[in-house]
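Okay, so the sequence shown: first residue is 1 according to the UniProt record's numbering, each after it adds one. Glycine is no exception: its CB is placed at the ideal position from the N, C-alpha and C atoms. Values in this document were obtained by computation on a predicted structure and should not be read as measured data. Some notes on the structure that comes next.
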Amino acid sequence: MYNNSKEVLTILVAKTEKGKVIFLDGTHSPHVIRTRFANTSFYCPQCNEKLQLKVGSIKIPHFAHVTKSLCDSYSEPETKEHLLAKYKLYRWLKTQGWDVSVEKPYPDLGQRSDLSTVLNGQEFAVEFQCSSLSYGQYRKRTEGYYKRNIIPLWILAASKFPNGKSRFSHKLPLSSFHQQFIRYSSSLGQYFLIFYNAEKESIILLQPIIAISKNSFLTMHSETRVFSLTFPHFPLPSISLSSIDLKIFIQARKKWQENRIIYGKGNKDFLLSEFYQNQLFIHLLPLWVGLPVRHALAIKEPVFEWQAYLYLLLIRNDRTNRAVSLKQLKDLISRLIKTNKISRRLMHDTSNEGVLKAVEEYILLLKKLAILDGQSEFKLNQENPFVKQPSTPYKENEVEEFWRIKGKEIIHQFNERQ
Numbered sequence: 001m002y003n004n005s006k007e008v009l010t011i012l013v014a015k016t017e018k019g020k021v022i023f024l025d026g027t028h029s030p031h032v033i034r035t036r037f038a039n040t041s042f043y044c045p046q047c048n049e050k051l052q053l054k055v056g057s058i059k060i061p062h063f064a065h066v067t068k069s070l071c072d073s074y075s076e077p078e079t080k081e082h083l084l085a086k087y088k089l090y091r092w093l094k095t096q097g098w099d100v101s102v103e104k105p106y107p108d109l110g111q112r113s114d115l116s117t118v119l120n121g122q123e124f125a126v127e128f129q130c131s132s133l134s135y136g137q138y139r140k141r142t143e144g145y146y147k148r149n150i151i152p153l154w155i156l157a158a159s160k161f162p163n164g165k166s167r168f169s170h171k172l173p174l175s176s177f178h179q180q181f182i183r184y185s186s187s188l189g190q191y192f193l194i195f196y197n198a199e200k201e202s203i204i205l206l207q208p209i210i211a212i213s214k215n216s217f218l219t220m221h222s223e224t225r226v227f228s229l230t231f232p233h234f235p236l237p238s239i240s241l242s243s244i245d246l247k248i249f250i251q252a253r254k255k256w257q258e259n260r261i262i263y264g265k266g267n268k269d270f271l272l273s274e275f276y277q278n279q280l281f282i283h284l285l286p287l288w289v290g291l292p293v294r295h296a297l298a299i300k301e302p303v304f305e306w307q308a309y310l311y312l313l314l315i316r317n318d319r320t321n322r323a324v325s326l327k328q329l330k331d332l333i334s335r336l337i338k339t340n341k342i343s344r345r346l347m348h349d350t351s352n353e354g355v356l357k358a359v360e361e362y363i364l365l366l367k368k369l370a371i372l373d374g375q376s377e378f379k380l381n382q383e384n385p386f387v388k389q390p391s392t393p394y395k396e397n398e399v400e401e402f403w404r405i406k407g408k409e410i411i412h413q414f415n416e417r418q
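Structure below.
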């Protein structure tokens, strides 16, 4: 068993004097490697400097520069977990008949991928991440790949799987590190993270369902042996919101309101300032502000936050008997993102597609709940008793009544693939 704690600067690919590429793919024992390459000279495929073959009884066989070089500055320390994963992912792709490159250099990008393969004319770069990576580094590498029309597939190490301390097993914290790797499946309308367990050779799919704060999520996950999967397809189980999830969500909404009141910075807090200017109060928000919608994960702030801004626009127009268009609501959220009042969670959603879809889903839900009237332009339905802002905080029985009447429809709309 390899010890994952030791970090080493490693190269798994080298070329000989004749230009032949040698990859240490883990299929041969240290003795065989030492014997076969006893009199062979190796060179770095990136900088052409001489490499030394290192074969011991503890470390994974690898190459290293003989002397300190500029090329070394581009080599990142790799844990043995990383090396083992690279070996096994390489074997998985090879068994499917794909031509796989290991540590393929991209000189113009100043980086190299862990694995690279081309399927039907489309190149994929597989990156196995088991160490910390800043958002800036992730963004630079990802944008570099996309500029070359290469699809990057980031896979996190199983050792990076988040540990939840909540009594709810499916409530997990996802740090900024985790969140930058969240991907979206347009066919299923679901968000997901991919983890790989090199020891078990299994893929773990973690699917955030809804954010209940900036870093806390209701999630579900599944684990599948990698050799039963066909790259680049990772079958996602259909996610669904449940009544149990809804209870956790309701608690989170209440906590958000309390924290906003206690820790808010008054006029320095843009949202609170907007409420004060409109003679409204956060602790008196109607219960239909802050509802779960499927694409809410595209926005970093919890739904309670960004939906409160939409509520303000609806209220302002209602006071002057004016309707609000869907475009106006979308434009408001786009402006808030542009001015850094709220932010996108997903770097690759540069067109705000997921963000604007969340706004659409929320407005559709309000129509289904009879909170809004209209087709292309909307007004608050004053005949609905839940529309009016309360003059005092909701009593517990009033909250229960709202969710008893509206809860099933809210869950149904969330679970319906659109």
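For Ile-155 and Tyr-135, the gap between their C-alpha atoms comes out near 15 Å. When beta bridges are read from the DSSP output, Ser-325 appears opposite Glu-377. Following the DSSP letters along the chain, one finds Pro-393 in no beta strand (DSSP E), marked with neither H nor E.
Proximity of the region 376-395 to the region 198-215 falls short of the contact definition, fewer than three beta-carbon pairs being nearer than 8 Å. For Thr-16, the closest of Ala-323, Gln-52, His-412 by C-alpha to C-alpha distance is Gln-52. Within its own chain, the residues whose Cβ lies closer than 8 Å to the Cβ of Val-100, once the five positions on either side in sequence are excluded, are Tyr-90, Leu-93, Lys-94, Leu-115, Ser-116, Thr-117, listed in chain order.
Taking one beta carbon from each stretch, the region 256-266 and the region 236-247 have fewer than 3 pairs nearer than 8 Å; the two do not touch. About 6 Å separates the beta carbons of Pro-393 and His-283, which is inside the 8 Å limit, making them a contact pair. In this model, Gly-97 and Gly-374 are separated by some 55 Å (Cα to Cα). Cα atoms of Ala-298 and Ser-185: separation of roughly 12 Å, rounded to the nearest angstrom. DSSP lists Leu-172, Ala-211 as the beta-bridge partner residues of Phe-217.
In this chain, the alpha helix (DSSP H) harbouring Thr-95 covers 80-95. The beta carbon of Gln-122 sits closer than 7 Å to the beta carbons of Ile-151 from its chain, once the five residues preceding and following it are set aside; these are given in chain order. Residues of the same chain with a CB within less than 6 Å of the CB of Pro-286, apart from the 5 flanking positions on each side, are Gln-389 in chain order. Secondary structure of Phe-42 (DSSP, three-state): strand. Taking Gln-257 as the centre and dropping the five residues before and after it, the same chain places the C-beta of Ile-282, His-283, Leu-285, Phe-304 closer than 8 Å to its C-beta, in chain order. In this model, Lys-341 and Cys-44 are separated by some 48 Å (Cα to Cα). The region 234-243 makes no contact with the region 317-334, as fewer than three CB pairs between them are under 8 Å. Secondary-structure assignment with DSSP links His-62 through a beta bridge to Lys-54.
In the structure shown, Leu-246 adopts helical secondary structure according to DSSP, grouped into three states. Restricting attention to beta strand (DSSP E) runs no shorter than 3 residues, the region 137-202 encloses them at 150-157, 171-173, 183-185, 190-197, ordered along the chain.
Relative to the Cα of Glu-383, the nearest Cα in the group Leu-372, Tyr-309, Ala-14 belongs to Leu-372. Partner residues in the beta bridge of Pro-105, as assigned by DSSP, are Arg-112. Beyond the five residues adjoining it in sequence on each side, Ser-132 comes within less than 8 Å, by CB distance, of Phe-177 in the same chain, given in chain order. Assignment of Lys-300 by DSSP, reduced to helix, strand and coil, places it in the coil class. Contact annotation: Ala-323 and Phe-378 have beta-carbon atoms nearer than 8 Å.
When C-beta atoms of the region 190-206 are compared with those of the region 225-236, three or more pairs fall below 8 Å, so the two segments count as touching. Counting every other CB atom within 10 Å of its CB across the protein chains shown gives Val-66 a total below 16, marking it as exposed.
Under the DSSP assignment, Val-13 falls in the beta strand (DSSP E) whose first and last residues are 13-16. In the structure shown, Leu-229 falls within a coil segment according to DSSP collapsed to helix, strand and coil. The DSSP assignment places 270-277, 303-319, 326-338, 353-368 as complete runs of the alpha helix (DSSP H) inside the UniProt domain "Competence protein CoiA C-terminal" (249-375), in order along the chain (cut-off: 4 residues).
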